[in-house]
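Colleague: One structure coming up, written as structure tokens, with questions to follow.
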Amino acid sequence: MPHRVTCPLDCPDRCRLLVTVEEGRVVRVAGDPDHPTTRGFACVKTNRWGERQHHPDRPLYPMRRAGPKGTGRFERASWDEALDEIAERLKRVLDAHGGQAVARYHYAGTTGLNEGRRPVAFFRAIGACELDETICASAGGEAWEMAYGPHKTGTDPENVGGAGFIVLWGTNPLSTNTHLVPFLKEARRNGAEIWHVDPYENRTARFADRHLKIRPGTDAALAYAVARVLFEEGLVDWGYLNDHAEGVEAFRAAAAAWTPERAAEVTGLEPADVLELARRFGRARPGFVRVGYGMTRQPGGADALRAVILLPALTGAWKHPAGGALLSTSGGFRLASERLEGEYWLRRASGQAGYFRPDPGVRTVNQSEFASALTRWDPPIRMLFVFNANPAVSTPDSARVRAGLAREDLFTVVLENALSETARYADWLLPATTFLEHPDLYTSYGTYWLHWNDAVMEPAGEARPNTWVFAELARRLGLEAPELYWSAEEAARIALDGADHPYLANVSFEKLRAAGSLKLNLPRPFAPHAEGANTPGGRVRFGPPPAVVVPETTDAFPYLLMTPPAHHFLGTIYAPLERLRAAEGGEPEVWLHPDDAAREGLSSGVYVWLESEAGRVKRRLRVTDRTQPGVLVMEGTWPADAAPDGEPANALTPERLTDRGRQAVFHGVQVRLRPAG
1 MPHRVTCPLD CPDRCRLLVT VEEGRVVRVA GDPDHPTTRG FACVKTNRWG ERQHHPDRPL
61 YPMRRAGPKG TGRFERASWD EALDEIAERL KRVLDAHGGQ AVARYHYAGT TGLNEGRRPV
121 AFFRAIGACE LDETICASAG GEAWEMAYGP HKTGTDPENV GGAGFIVLWG TNPLSTNTHL
181 VPFLKEARRN GAEIWHVDPY ENRTARFADR HLKIRPGTDA ALAYAVARVL FEEGLVDWGY
241 LNDHAEGVEA FRAAAAAWTP ERAAEVTGLE PADVLELARR FGRARPGFVR VGYGMTRQPG
301 GADALRAVIL LPALTGAWKH PAGGALLSTS GGFRLASERL EGEYWLRRAS GQAGYFRPDP
361 GVRTVNQSEF ASALTRWDPP IRMLFVFNAN PAVSTPDSAR VRAGLAREDL FTVVLENALS
421 ETARYADWLL PATTFLEHPD LYTSYGTYWL HWNDAVMEPA GEARPNTWVF AELARRLGLE
481 APELYWSAEE AARIALDGAD HPYLANVSFE KLRAAGSLKL NLPRPFAPHA EGANTPGGRV
541 RFGPPPAVVV PETTDAFPYL LMTPPAHHFL GTIYAPLERL RAAEGGEPEV WLHPDDAARE
601 GLSSGVYVWL ESEAGRVKRR LRVTDRTQPG VLVMEGTWPA DAAPDGEPAN ALTPERLTDR
661 GRQAVFHGVQ VRLRPAG
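Right, dumping it as structure tokens:
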């Protein structure tokens, strides 16, 4: 009999799965056919979870470093040895240097409330550095907050089948949001056209009725040109704007400067494409825009996203359940999580709303500047804990990150269920459980469903949950706060029982556990911004008008490099699986347009060096018109050992930040290339 569980990985779909376990091994993974969003299929990645669960390189016991950092040489130890030594080292660091010499690095290796978020309370209890979680979504989050307020509540994807015209803008749902696709197909059957705005041809571009191959980072220019046409041709909903928006005239004045011809010159599109996009969106009843975080990973990414997501407000599309925009649904889950994450241990700046930010006096590590935190801070970080993340590969200037991890005066503890690149630098590598081996509560950022998993397998070897590890360390440090020791069930009850929002009315832990998955109590019909926004004044904010920041190249670095997700990977979580590597071509490639290849005298299959201000990598070349002149594409966060030179793509990514959100510019890296010889 298969077990019903929820996938915990960093994906908007939050699939409900049927996992069959026989004699302690996962033998089958499938999508739950009875779940309204999963609809009986799992993605090509999660179908292979059994291979990931039982991978021969999975750490199964506590291990102490037994060789130089980075070599991955360890010797087995007991849990008592590991915890005693880590706690003793932590006490010495705290006594000698204070909590600000201790740092944490984590992200969404699991998105569970317990194993993903609750460990933060331990670090706040000891006064450790804060972590500014900018590696993925902070620029998009701040853009949404400026326009619609602090809680990201977009269109319910289950309503998208009723949209009259759909724009998939800066997103590739056929690879990264596959369970939206049935709703897109439903809309198409109902007569909707689907357009895709993206700088290169991916699976979604081939699925769409029309693909606009926009130059990277020019999205705001296109959005303004669309807005100008909407204003000029009487396609705006002045009733909605007058009742529910502010700053419209300033936005209109900014848009007036962007004729379709000017926008075409900047974006690389045809003026007729700009006009047709605006007219189709303005005349649709209603129009819907699915935006992704990809466009925010440009120098002006936050304002670019803000310009795009304001378009449905211009047309009044928010008044319809199928209209509006969707970046994230995460704002619908108003759980009482403050105590679980220990926020009360930090001082709060007065009047702050929205995303939690520590007081400026708290030493804070920006994930996007992690290389500098490890190599340039004075006084230095002396003890580091890493869980649910692989920063040696996923963070900018990754060669310098690894140099920081290699410091002999940095004591590093890594909690992992794979032998990742970061794990190889650990002084102690602690075996972590997977989502099948521990209970947890899951929200979502692509659906409005809440989930609970019970453990369905015994932990492999001596693997333990993250929360267990930090509770054991807390005991050894003599910490008394009860929330550090709550069980997963206790924490879930507190998060649900303490929630004071109508979306969670009558959602008790008992009901959730019995059902496994419950939809939030959304209003019916659900049109989240039909009556305005979550801003303090309740109005959609068009001001200050978004800036147009177009990424530039130089003579020294004449190409822009994008590193979007690969179809068969999710970060580096599935990178150990040879079948998925083979499906992606066996090794990382860089795509070059035929016009550039002819000028450079290069052909498919040769190896080239890519060089940026941060570093260089060696890659196999593919010449293809799926990209565009001047733009290189390198799909996927490949593990370092798959590359011919052992360098991940982020060795090229500098510590340059976006206009808002303090996020790395992953998709606008200036590079040059030359033959590898």
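Numbers 1 to 677, taken from the UniProt record's numbering, label the letters of the sequence shown in order.
Using N, Cα and C, we set each Cβ at its ideal position, and we do this for glycine too.
Fair warning: this is a prediction, and the values are worked out from it, not measured in the lab.
1. Give the C-beta separation of Gly287 and Pro312 to the nearest angstrom, bearing in mind that I take them to be a contact with Cβ-Cβ under 8 Å.
2. Go through its chain and collect everything with a Cβ distance to Leu180's Cβ below 6 Å, but skip five positions before and after it.
3. Report buried or exposed for Asp13, applying the criterion of at least 16 other Cβ atoms within 10 angstroms of its Cβ.
4. Output the distance between the C-alpha atoms of Ala649 and Met562, rounded to the nearest integer angstrom.
5. Output needed for Leu275: all residues of its chain with C-beta closer than 8 Å, excluding positions within five of it in sequence on either side, in chain order.
6. With respect to the beta strand (DSSP E) encompassing Phe569, which residues constitute its N-terminal and C-terminal limits?
7. Tell me, which residues are paired with Asn534 by DSSP?
8. Based on the DSSP secondary-structure assignment, which residues constitute the bridge partners of Gly31?
9. Classify Lys511: buried if its beta carbon has 16 or more other beta carbons within 10 angstroms, exposed otherwise.
10. Apart from the five residues just before and just after Ala103, which ones in its own chain have a Cβ nearer than 6 Å to its Cβ?
11. Could you tell me which of Asp84, Val21, Glu81 sits nearest to His54, measuring between CA atoms?
12. Classify Leu60 as buried or exposed, calling it buried when 16 or more other Cβ atoms lie within 10 Å of its own Cβ.
13. Which one of Val5, Arg48, Thr6, Val19 has the shortest CA to CA distance from Arg581?
14. From this set, Arg4, Pro644, Leu570, which residue's C-alpha is nearest Asp10's C-alpha?
15. For Val19, does the count of other Cβ atoms within 10 angstroms reach 16, so buried, or fall short, so exposed?
16. From Leu305, Phe41, Arg73, Trp449, pick the residue whose C-alpha is nearest to that of Ala426; which is it?
17. Name the one or two DSSP bridge partners that Ala325 has.
18. Gly247: which of Glu201, Thr267, Gly537, Ala125 sits nearest, CA to CA?
19. Given that a residue counts as buried once 16 or more other Cβ atoms are within 10 Å of its Cβ, and exposed if not, what is Pro502?
20. Would you mind sorting Thr554 into buried or exposed? The rule is 16 or more other CB atoms within 10 Å of its CB.
21. Alpha carbon to alpha carbon, how far is Ala455 from Leu340?
22. How is Glu261 classed by DSSP in three states: helix, strand or coil?
23. Which residue marks the beginning of the alpha helix (DSSP H) containing Ser394, and which one marks its end?
24. Which residue comes first and which comes last in the alpha helix (DSSP H) that contains Ile309?
25. If we count Cβ pairs, one from each stretch, closer than 8 Å, do we get three or more for the region 403–416 versus the region 65–85?
26. Return the chain-ordered list of same chain residues with a C-beta closer than 7 Å to the C-beta of Tyr448, the five sequence neighbours on each side being excluded.
27. DSSP three-state call for Ser517: helix, strand or coil?
28. Using a 10 Å radius around the Cβ and a threshold of 16 neighbouring Cβ atoms, would you call Tyr344 buried or exposed?
29. Please state whether DSSP places residue 678 in a helix, a strand or coil.
30. Going by DSSP, which residues form a beta bridge with Arg616?
31. If we count the other Cβ atoms within 10 Å of its Cβ and call it buried at 16 or more, is Ala495 buried or exposed?
32. Let me make sure I understand the geometry here. Which of His529, Asn453, Glu458 has the alpha-carbon closest to that of Leu17?
33. Can you confirm whether the region 609–629 touches the region 537–552 when touching is taken to mean that 3 or more C-beta pairs between the two stretches lie within less than 8 Å?
34. For Thr434, I'd like the list of residues in its chain whose CB is within less than 7 Å of its CB, leaving aside the five on either flank, ordered along the chain.
35. In the region 57–109, which residue ranges form an unbroken alpha helix (DSSP H) of at least 4 residues, counting only runs that do not cross its ends?
36. In this structure, how does DSSP classify Arg402 when only helix, strand and coil are distinguished?
Modeller: According to the data block:
1. By 1-based counting over the sequence shown, the position of residue 287 is 287. By 1-based counting over the sequence shown, the position of residue 312 is 312. Right, their Cβ atoms sit about 6 Å apart.
2. For the purposes of this step, residue 180 is taken as the residue at position 180 of the sequence shown. Pro157, Pro173, listed in sequence order.
3. Position 13 of the sequence shown holds residue 13. Buried is the call here.
4. The count along the sequence shown starts at 1 and reaches residue 649 at position 649. The count along the sequence shown starts at 1 and reaches residue 562 at position 562. Taking the straight line joining both Cα atoms gives about 10 Å.
5. By 1-based counting over the sequence shown, the position of residue 275 is 275. Excluding residues within five positions, the ones whose Cβ falls inside 8 Å are Val229, Pro260.
6. Taking the sequence shown and counting its residues from 1, the one referred to as residue 569 is at position 569. That residue, Phe569, is in no beta strand (DSSP E); it is neither H nor E in DSSP.
7. Position 534 of the sequence shown, counted from the first residue, corresponds to residue 534. The partner list for Asn534 (beta bridge, DSSP) is empty, contrary to what the question assumes.
8. Here residue 31 corresponds to residue number 31 of the sequence shown, with the count starting at 1. Paired residue(s): Leu17.
9. Counted from its first residue, the sequence shown places residue 511 at position 511. By the 10 Å Cβ count, Lys511 comes out exposed.
10. Start at 1 with the first residue of the sequence shown, and residue 103 comes out as number 103. For Ala103, where only same-chain residues beyond five positions count, the Cβ hits under 6 Å are Cys129, Val365, Ile381, Leu384.
11. For the purposes of this step, residue 54 is identified with residue 54 of the sequence shown, where counting begins at 1. It is Val21.
12. Mapped onto the sequence shown, residue 60 falls at position 60. Exposed is the call here.
13. Taking the sequence shown and counting its residues from 1, the one referred to as residue 581 is at position 581. The candidate whose alpha carbon is nearest that of Arg581 is Arg48.
14. In the sequence shown, the residue the question calls residue 10 occupies position 10. The shortest Cα separation from Asp10 among Arg4, Pro644, Leu570 belongs to Leu570.
15. Position 19 of the sequence shown, counting from 1, holds the residue named residue 19. Counting Cβ neighbours within 10 Å, Val19 comes out buried, since at least 16 surround it.
16. Counted from its first residue, the sequence shown places residue 426 at position 426. Ranking Leu305, Phe41, Arg73, Trp449 by Cα distance to Ala426 puts Arg73 first.
17. Counted from its first residue, the sequence shown places residue 325 at position 325. Per DSSP, Val289.
18. Position 247 of the sequence shown, counting from 1, holds the residue named residue 247. Closest by alpha carbon: Gly537.
19. In the sequence shown, the residue the question calls residue 502 occupies position 502. Classification for Pro502: exposed.
20. Position 554 of the sequence shown, counting from 1, holds the residue named residue 554. Looking at its Cβ environment, which holds fewer than 16 other Cβ atoms inside 10 Å, Thr554 is exposed.
21. Looking up residue 455 in the sequence shown gives position 455. Looking up residue 340 in the sequence shown gives position 340. About 21 Å.
22. As a working note, residue 261 is residue 261 in the sequence shown. It is helical.
23. Residue numbering aside, residue 394 sits at position 394 when the sequence shown is read from its first letter. Ser394 -> alpha helix (DSSP H) spans 391–394.
24. As a working mapping, residue 309 is identified with position 309 in the sequence shown. That run of the alpha helix (DSSP H) goes 301–309.
25. yes
26. In the sequence shown, residue 448 corresponds to position 448, counting from 1. Cβ within range, chain order: Asp156, Thr329, Gly332, Lys519, Leu520, Leu522.
27. Looking up residue 517 in the sequence shown gives position 517. In the structure shown, Ser517 sits in a strand (DSSP, three-state: E or B).
28. Here residue 344 refers to the residue found at position 344 of the sequence shown. The residue in question, Tyr344, is exposed, as its Cβ has fewer than 16 Cβ neighbours within 10 Å.
29. Look at the range of the chain in this structure, 1 to 677, and you will see that residue 678 is not part of it.
30. Locating residue 616 in the sequence shown gives position 616, counting from the first residue. Paired residues: Glu611.
31. What you label residue 495 is simply residue 495 of the sequence shown in a count that begins at 1. Looking at its Cβ environment, which holds 16 or more other Cβ atoms inside 10 Å, Ala495 is buried.
32. For this step, residue 17 is matched to residue 17 along the sequence shown. When each option's Cα is compared against that of Leu17, the closest is Asn453.
33. no
34. Position 434 of the sequence shown, counted from the first residue, corresponds to residue 434. Once the five neighbours on either side are set aside, the close Cβ partners of Thr434 are Gln53, Asn417.
35. 79–97
36. Stepping through the sequence shown from its first residue, residue 402 is reached at position 402. In this structure, Arg402 counts as helix in the three-state DSSP scheme.
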